[in-house]
Every structure is written in C-alpha cells, then in structure tokens.
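Since the structure comes first, as structure tokens, the remarks are kept for the end.
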Amino acid sequence: METVQLIIDNKEVVVEKGTTILEAAKTIGIDIPTLCYMKLEDTNFENKPGGCRVCVVEVEGRRNLAPACKSECTAGMNINTHSVRVVNARRTVMELILSDHPFECLVCAKSGNCELQSLAQKLGIRDIAYKGEQSHYKSDQSPAIIREMDKCIMCRRCETACTEVQTVGVLSAINRGFESVVATAFEMDLDHSSCTFCGQCVAVCPTGALTERDSTREVMDAIVNPTKTVIVNTAPAVRAALGEEFGMPAGTLVTGKMVSALRKIGFNYVFDTDFAADLTIMEEGTELLGRLGKHLAGDKDVKLPMLTSCCPGWVSFFEHQFPDMLDIPSTAKSPQQMFGAIAKTYFADKLGIKREDMVVVSVMPCLAKKYECSRDEFKVDGNPDVDLSISTRELAQMIKNFNINFDALEEDEFDKPMGESTGASVIFGTTGGVIEAAVRTAYEVHTKKTLERVDFKELRGMEGIRSATIDFDGLPINIGIAHGLGNARKLLEDIRAGKSQFHAIEIMACPGGCIGGGGQPYHHGKIEVLKKRQAAIYSEDEKKVIRKSHENPDIKKLYAEFLGEPCGHKSHELLHTHYYNKQKKSEL
Amino acid sequence: MANIKLPAHKVEELKEVCKQFDHQGSELINVLHAAQGLFGYLPAEVQELVANELNLPLAHVYGVVTFYSFFSMTPKGEFPISICMGTACYVRGAEKVLDEFKRLLNVKVGETTPDGKYSVSCLRCVGACGLAPVVTVGEKVYGRVTADDVKGIIAEYNS
C-alpha cells in the first residue's frame with residue numbers, strides 16, 4: 001500500500017494514496033463540515049460532486065481554498081481546516097446558498113432534521129448579505145413523495161440515489177446556471193414517471209426539498225370519527241428505528257413502548273404487520289415449493305427462480321423496467337396488503353362490522369407503501385384494503401403531537417389475533433430476512449423434518465448481492481439476495497439472459513432492506529445506524545419463542561377457520577395479486 | 001408534452017445514427033446533434049427515441065438537452081436566424097442586433113414566429129470573429145451587421 005504523509009491542523013497523518021483530505025482528517029478526529037457530500041459505506045452510494053464548497057480547507061502554497069471532499073492528499077501537504085480565511089469562506093458559501101432558499105424553517109417538514117439548517121446554525125449565520133432573485137418551481141404532489149424544489153440546494157444526492165444506486169433514473173439535473181435544478185424528464189410529475197416511490201431520494205435529501213406525503217391528519221380524523229373502527233399495524237423495521245426519533249441510540253428496540261403509544265393515540269386495535277408477514281411466508285413458501293415440485297418433475301414451463309414480492313418499490317421497478325418478466329415474481333401480496341385484505345374480511349366479520357366502517361392504518365418504514373395501498377387492485381368497490389400508510393417518521397410526529405412521553409411508557413403487547421407473530425416475521429425488516437423466514441418454513445414443509453437450527457447466518461449480511469446454497473435434506477436450493485434496485489437489476493438481467501442458477505431470490509428496493517427504508521428516521525449518511533437496526537431485528541427474532549411462520553397459532557387458526565389451504569381458492573382471491581406492464585411509451 | 005408523429009424515414013435514419021455510434025451512451029451529445037440536424041429540433045419523442053437507443057434514462061437525455069443552449073425543444077422557423085453572442089461579436093454590438101431582430105419579429109430568443117417562418121436564437125462564436133458581429137440565416141452568413149441592417153435581412157426572405 002502506497003502511503004502519503006501530510007499535516008492537518010499541525011498533526012502529522014499518514015494515509016493511503018488516493019485518500020481525500022476529508023477522509024484523512026476524519027482519521028484524526030477532525031470532522032470537516034460538508035453539505036452535498038454523502039457516502040454510505042458498504043453500499044455503492046457515494047455523492048461528492050464538490051458543488052457546495054462548504055468543506056473548503058486551506059492548503060499551504062495553494063492559492064485557492066480546496067474542497068476537502070474532492071481533493072486527494074499529496075505528500076508534504078500542510079492543511080489548515082479552520083483558519084479565519086476558511087471560516088469566512090464557509091460562511092460566504094452558506095450565505096450564498098441561503099440567499100436562494102425559502103425562509104420557511106418554522107413550518108418546514110424537515111425542520112430539526114435539516115442538514116442545511118444545522119450547518120447554518122453551526123456556522124452562526126445571522127444575516128444574509130446577498131439579496132436577489134429566488135428560484136421558484138411548481139410543487140410535485142405524488143401519493144408518496146412531495147417535491148418542493150424551491151428548497152433544493154443542488155447537492156444532487158437524490159440524483160445519485162435514483163440513477164446510480166437504484167438505476168431507476170427518473171431524476172436528473174436539468175437546465176444550467178441559476179435555473180438548474182433536479183427534475184424528471186420534461187419536468188413531469190413523479191406520478192407520471194417510472195418512479196418506484198422507494199423514497200431513497202427522500203432518505204438522502206439534506207433539506208426539505210423531498211419529503212413524504214403527510215397522512216397524520218387523516219389518521220387523526222379517523223380516530224375521532226365515532227362511526228369508524230380504526231386498526232393499526234406496524235411493520236417489523238419500525239420497532240428497530242422509532243426510538244431514534246426520541247433520542248434513543250440506533251438499534252434500540254421499542255416494540256412494547258410503540259404498542260403503548262399507539263393505544264394512547266387511540267387506535268381501537270393495535271396489531272402487527274408481522275402477523276401478515278407470517279401469512280406471506282405460508283403463501284409464498286407454498287408457491288415456491290409448488291414451483292420447485294413442478295420443476296423437479298420435469299415441467300419445462302415452470303418459472304424459476306421465484307422472486308419475492310413483499311416490496312412495493314421493487315414491484316414497481318419490475319413493472320416499469322422488466323415487463324417481459326411479470327410471471328417470475330411470487331404472486332403473493334405484500335404483508336401490508338395481506339394484512340388489509342384479512343382485516344377487512346376475517347376480522348371485520350369477527351367484529352360484525354362492514355368494511356366501510358373499518359379504517360386500516362399501517363405504520364411502515366417505507367414511502368412506496370403509500371403508493372401501494374392506493375393501487376386500484378387493492379380496493380373493493382373503491383374501498384381500499386389499507387386506508388392509510390404512514391411512515392416511521394410520521395408515527396414519531398404523532399406521538400410528539402399527542403404529548404406522549406415515549407421514554408417513560410410501559411411496555412405493552414399487541415392485540416390478538418392479528419398481533420401474534422413469530423421470529424421469522426420480524427426479520428422481514430432486513431435484507432435477507434424474508435428468504436430466511438421462507439427457508440425455515442419451506443424446509444420443514446418439504447422435508448417433513450424439524451430444523452436443528454433456525455438461524456441461517458449464510459443468508460445474512462450487508463453486501464449488495466449475496467448467495468447461498470441451503471441443503472433441503474439432499475436437495476440443494478440456491479438462494480440469491482439483492483438489496484438496492486441497482487443490485488436487483490443485475491440479478492434480473494442474469495435471469496433474462498438465462499444465466500441465473502437460483503431457485504429463489506429475495507429482493508428489497510432499499511439498501512439494507514426495510515431498516516433503510518425511505519420512511520425511516522434519517523440516517524444522515526451513517527451506515528452504522530442501519531447495521532444497528534439490523535442487529536436489533538435479529539435480536540428480536542432470537543427472543544421469540546416461536547421462530548417459524550407455520551407455527552404461529554393464530555395463523556393456523558386463520559387457515560382452519562377461514563382460508564382453508566395455503567394457495568387455496570380463498571387465498572388466491574384475497575392474498576395473491578397480479579402485475580401490470582407499466583413501461584412508459586418512452587421505454588419501448 | 002404534446003404527442004407528435006415522427007416521420008418514419010427520419011426515425012430510421014436516427015436509429016442508423018445511433019447504430020453508427022454503437023449505441024454508446026457516451027456519444028449522447030453527438031447523437032443529439034445529429035438528431036437536431038434531422039428533425040430541426042428535439043421534441044420529447046425524439047429524446048425518448050434517443051434514450052431508448054442509447055439505453056440511457058430519459059431524464060438524463062432531457063438534462064443534457066436543457067443544459068446546452070444549442071439544443072432546442074421548439075421547432076426552428078423556415079429561416080432560422082442566429083446571432084453570434086461570442087465575445088468579439090458581443091463587444092461589437094451583437095446585442096443591439098439581437099434586440100432589433102426580437103423587436104421586428106416580436107419573438108424572444110428561442111422562439112419562432114407564429115407563421116413558422118423565422119426563429120431567433122443565439123450562438124457562441126462561428127469562428128469568423130473578423131466579421132463581427134455575425135448573423136446567420138440558415139447556411140448564409142452575414143458579417144459586420146448593424147441594427148440598421150436587420151430590416152433588410154428579414155426582407156430578403158419575406159417573399
């Protein structure tokens with residue numbers, strides 16, 4: 001390894017050749033302020049256009065200040081990261097950026113979580129010397145993502161997330177100079193584009209330019225409506241991140257407190273999406289074994305590998321970009337939609353109420369779920385199976401609105417029957433979890449033997465694409481895993497080219513899976529946050545007495561009382577769906 | 001986004017151009033250049049075609065089209081008038097010439113007269129700085145143009 005030696009703030013430092021000044025400074029504990037820069041280790045997300053110039057430092061012998069995020073260290077450099085010249089330059093840069101930014105902080109959805117705001121505070125900006133024209137763009141109000149581009153600072157993180165990480169490519173910088181902004185082709189609304197609503201653009205936006213559609217008001221309206229029975233369900237990844245919104249360290253599991261908070265808010269029933277995740281495994285696992293059985297019997301037409309279909313961002317992605325492969329994913333609905341379908345039939349019947357009088361609210365780490373529940377095929381006579389989907393952040397906002405002291409809450413338990421869940425369903429929240437849950441059930445159903453160990457560590461991790469072969473008692477099952485749509489694309493292209501050796505593939509749209517979803521508390525570029533959430537998810541699984549979906553007693557009861565067989569007639573009607581070719585004319 | 005039908009033979013020609021460039025995304029600017037030569041401008045449909053042929057996101061193609069002032073999304077007039085705003089032309093009064101074209105034709109830069117006859121655009125240096133300020137109408141070049149000459153230039157095409 002070739003190294004270079006240099007001095008930063010009077011401290012000697014030796015780094016590998018090619019290291020940037022920003023990274024070198026970090027090794028000796030100096031955090032140079034940045035704005036446009038973001039790097040998520042272990043994923044391919046890196047954004048360093050060197051555009052904002054907030055990270056400038058003084059390099060001895062160099063006339064101009066150097067952007068630390070872009071400048072590589074060279075031998076003998078003498079760098080000052082906080083000279084008066086540097087500080088003044090940073091303030092000027094900041095004032096210039098703010099001179100074209102709306103002063104709406106008090107009512108901005110991003111207030112308190114805005115990187116521009118915290119930087120302005122850190123630099124002590126009190127007055128903007130530069131007055132001039134401000135940019136105005138029309139706001140884009142999709143069912144999931146709101147774009148208020150007046151607040152865009154052209155860091156282009158969203159473009160990197162959309163185009164490079166996810167390879168969706170609906171966002172690009174357009175125009176030039178003062179007019180430049182990140183937009184869709186022909187500045188069409190996101191709703192008309194090939195956007196998957198994965199929300200990774202929102203997850204990385206430093207300002208309030210990209211936010212989620214806020215549905216908390218509609219949830220409150222439902223709660224106070226005496227004619228409605230309001231049912232809430234919470235996705236697995238929410239419990240591993242919600243605490244962060246209340247100052248708890250990343251990776252704190254707050255399942256019990258979350259349930260208490262939801263009761264205090266006034267939901268009539270507090271259920272768990274995990275119940276529906278167990279149900280998903282019953283259906284998806286049965287479908288997989290069905291396809292495998294046909295394949296082993298020599299059926300040449302059966303489609304393998306089977307792809308998971310829990311993730312609505314991923315579903316949109318293949319509908320838009322791989323419409324020739326709509327028969328490859330499992331037809332099983334996502335847990336959110338299975339939950340809604342069962343709540344408004346089985347559970348509504350139990351309560352003796354009409355579906356119109358039931359409001360199903362889901363709390364999701366996801367923005368695509370907002371779009372998913374608005375899809376027409378998930379409605380019966382116009383009444384949606386899931387009425388409202390709110391993000392982890394929106395739930396935190398509601399808890400704050402209701403003045404609930406989250407930290408002091410007692411731990412409470414989910415209601416029955418749709419609150420009963422297994423360890424298998426909890427791990428749905430992380431990359432690798434859905435397929436591990438499926439393997440636990442599919443193995444036992446196929447081999448009729450009990451698993452010695454339920455932990456499949458070979459399926460876990462953070463690498464973008466992973467694979468493992470699981471021995472189903474003599475039958476090797478090849479499993480692929482991808483998270484991040486760019487990685488998913490690679491596996492899909494292999495399938496299209498006939499090169500794929502997998503029997504089953506799990507795909508999640510967001511890097512890390514749902515723990516890194518577009519509706520989660522902002523990670524501000526810290527990958528450790530995602531890793532801690534992942535560890536929390538696995539620890540919840542370990543704590544569960546029942547860790548296999550097919551052993552969930554209330555799922556067994558659901559089949560006995562209502563559904564009949566997995567993948568049977570009633571299941572097909574309620575729990576399976578079909579996919580549509582959504583390719584735009586432009587992609588023909 | 002208006003829907004227009006592109007003439008089939010031009011579509012084939014553009015596809016041929018993309019093929020010549022080996023469908024390389026890195027050749028986008030060259031392809032757009034050729035496309036504008038073929039169609040006179042770059043309507044959404046042409047950009048979509050280019051995006052597909054080069055396997056690039058449509059937003060990226062649109063980003064490039066809107067970045068370079070050379071590319072236009074509105075049809076050029078029958079007689080496209082370009083005024084050079086390069087440094088030499090500018091210091092010798094190109095702006096006054098431009099203003100006169102805008103005034104007489106009642107259009108803004110990048111627009112076309114309602115009868116489709118004239119369009120006005122700016123360009124950066126045609127490499128004939130000795131003739132500054134330079135105006136081109138189609139392929140014809142006019143040198144040392146003053147605001148007073150503008151009326152006469154327009155009249156040449158007004159038959």
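Residue numbers (the working numbering), protein chains in the order written: chain A, 1 to 588; chain B, 1 to 159. Beta carbons are placed, not taken as given, at the ideal position from N, Cα and C, and that holds for glycine. Bear in mind the structure is a predicted one, so any value in this text is a computation, not a measurement.
- Sequence-distant Cβ neighbours of V141/B in its own chain, meaning closer than 8 Å and more than five residues away, are V126, A128, L131, V134, V135.
- Neighbourhood of A44/B in chain A, by CB distance below 7 Å: F186, in chain order.
- Taken in chain order, the stretch 448–488 of chain A contains no complete alpha helix (DSSP H) segment of 4 residues or longer.
- Minimum Cα-Cα distance from F197/A among the listed residues G423/A, T280/A, K354/A, E212/A corresponds to E212/A.
- By the Cβ-count criterion, P7/B is exposed, with fewer than 16 other Cβ atoms from all chains shown falling within 10 Å of its own Cβ.
- Across the structure, C69/A and A343/A are spaced so that their CA atoms are roughly 51 Å apart.
- For P80/B, the beta-bridge partners assigned by DSSP are S119/B.
- Where Q5/A is concerned, the enclosing beta strand (DSSP E) starts and stops at 3–8.
- Under the three-state reduction of DSSP, L22/A is assigned to helix.
- The DSSP-derived three-state label of H576/A is strand.
- In the assembly as shown, V46/B is a buried residue. Its beta-carbon has 16 or more other beta-carbons within 10 Å.
- With respect to chain A, the C-beta atom of P75/B has no partner C-beta closer than 8 Å.
- Linking N158/B to G110/B through their CA atoms gives a straight-line distance of about 20 Å.
- Nearest CB-CB separation between N175/A and chain B: below the 8 Å threshold.
- Annotation for I505/A: the continuous beta strand (DSSP E) segment containing it runs 504–508.
- Take D327/A, set aside five residues on each side of it, and the residues of its chain with a beta-carbon closer than 6 Å to its own are K303, in chain order.
- Per DSSP, T229/A is not a residue of any alpha helix (DSSP H); the beta strand (DSSP E) it occupies stretches across 229–234.
- Contact between the stretch 82–95 of chain B and the stretch 44–58 of chain B is not established, with fewer than three Cβ pairs separated by less than 8 Å.
- In the displayed model, D357/A falls within a helix according to three-state DSSP.
- Non-local C-beta neighbours of E436/A in its own chain, meaning closer than 7 Å and more than five positions away in sequence, comprise I427, F456, L459, ordered along the chain.
- For R147/A, the three-state secondary structure derived from DSSP is strand.
- Identification of residues in the stretch 48–70 of chain B having a C-beta nearer than 9 Å to some C-beta of chain A yields E48, L49, A51, N52, L56, P57, L58, A59, H60, V61, Y62, G63, V64, V65, T66, F67, Y68, S69, given in sequence order.
- With a threshold of 8 Å between beta carbons, L171/A makes contact with chain B.
- Selection Y579/A, G519/A, V545/A evaluated against T234/A yields G519/A as nearest (Cα-Cα).
- Under the Cβ criterion of 8 Å, T163/A is counted among the residues facing chain B.
- Rounded to whole angstroms, the gap between the alpha carbons of L307/A and I477/A is 14 Å.
- Note on geometry: alpha-carbon atoms of M94/A and I79/A lie some 21 Å from one another.
- For I555/A and D278/A, the gap between their C-alpha atoms comes out near 7 Å.
- Between D274/A and S99/A, the C-beta spacing is not below 8 Å.
- Secondary structure within the stretch 264–314 of chain A: the beta strand (DSSP E) runs of 3 or more consecutive residues, fully enclosed, are 269–272 (chain order).
- Here the C-alpha atom of S391/A lies approximately 20 Å from the C-alpha atom of A341/A.
- In chain order, L32, Q36, L42, V65 place their CB closer than 7 Å to the CB of F71/B, counting only its own chain and leaving out the 5 sequence neighbours on each side.
- Boundaries of the alpha helix (DSSP H) harbouring N30/B: 28–39, taken from the DSSP string.
- Within the DSSP bridge table, the entry for L388/A names V361/A as partners.
- Exposed is the label assigned to M1/A, since fewer than 16 other Cβ atoms lie within 10 Å of its Cβ.
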